[in-house]
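Comments concern the structure below.
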């Protein structure tokens, strides 16, 4: 099985560290990518790290991952609550999917409590700050290893 993992980030995450730091912290998306790449190297994973404010780009990356990847970590951000299209794309992906949220969405506004992506995700990580990405990568690596065994 492929050890390539796509880490996909949805809208406004390009502003991480600048937008609502009391909710999302002061780390930037570049900091998250750096930490993910460092851990991926330890776990012997190859990483593709992307962010887009455009739904169709995220869908295109999911379609691309179908052909090459052993897993997806996705923080769909606001698309979590609205995108049936991302759910449909993820449903075409047969390897592990971990949904990751920086904040604890269940302590926030009621509309954030529903996730279309969770209908496909093999696991959901929320409320661990940017450390959640590392937890998600560890889980994907474990699932890849278990499938290979």
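Numbering (the working numbering), first residue to last: 189 to 337.
Don't be surprised by glycine CBs; every beta carbon is placed ideally from N, CA and C.
Values in this document were obtained by computation on a predicted structure and should not be read as measured data.
Cβ distance (whole Å) where residue i is taken to contact residue j below 8 Å
i           : j           : result
residue 193 : residue 260 : 7 Å
residue 267 : residue 315 : 19 Å between Cβ atoms; not a contact.
residue 275 : residue 225 : Not a contact, Cβ separation roughly 28 Å.
Which residues DSSP lists as bridging residue i, in chain order
i           : result
residue 312 : 287
residue 259 : 193
Residue i, enclosing beta strand (DSSP E) - first and last residue
i           : result
residue 236 : 234-239
Residue range of the unbroken alpha helix (DSSP H) whose run includes residue i
i           : result
residue 242 : Looking at the DSSP string, residue 242 is not in any alpha helix (DSSP H), and its letter there is neither H nor E.
residue 320 : 319-336
residue 226 : 217-231
residue 275 : 272-278
Residue i versus residue j: straight-line alpha-carbon distance, rounded
i           : j           : result
residue 305 : residue 254 : 16 Å
residue 222 : residue 272 : 30 Å
residue 219 : residue 336 : 31 Å
residue 321 : residue 215 : 13 Å
residue 292 : residue 330 : 24 Å
heavy atom of the ligand MG below 8 Å from residue i C-beta
i           : result
residue 255 : Inclusion of the ligand MG in the displayed structure is not the case, the ligand content being empty and no account of it being possible.
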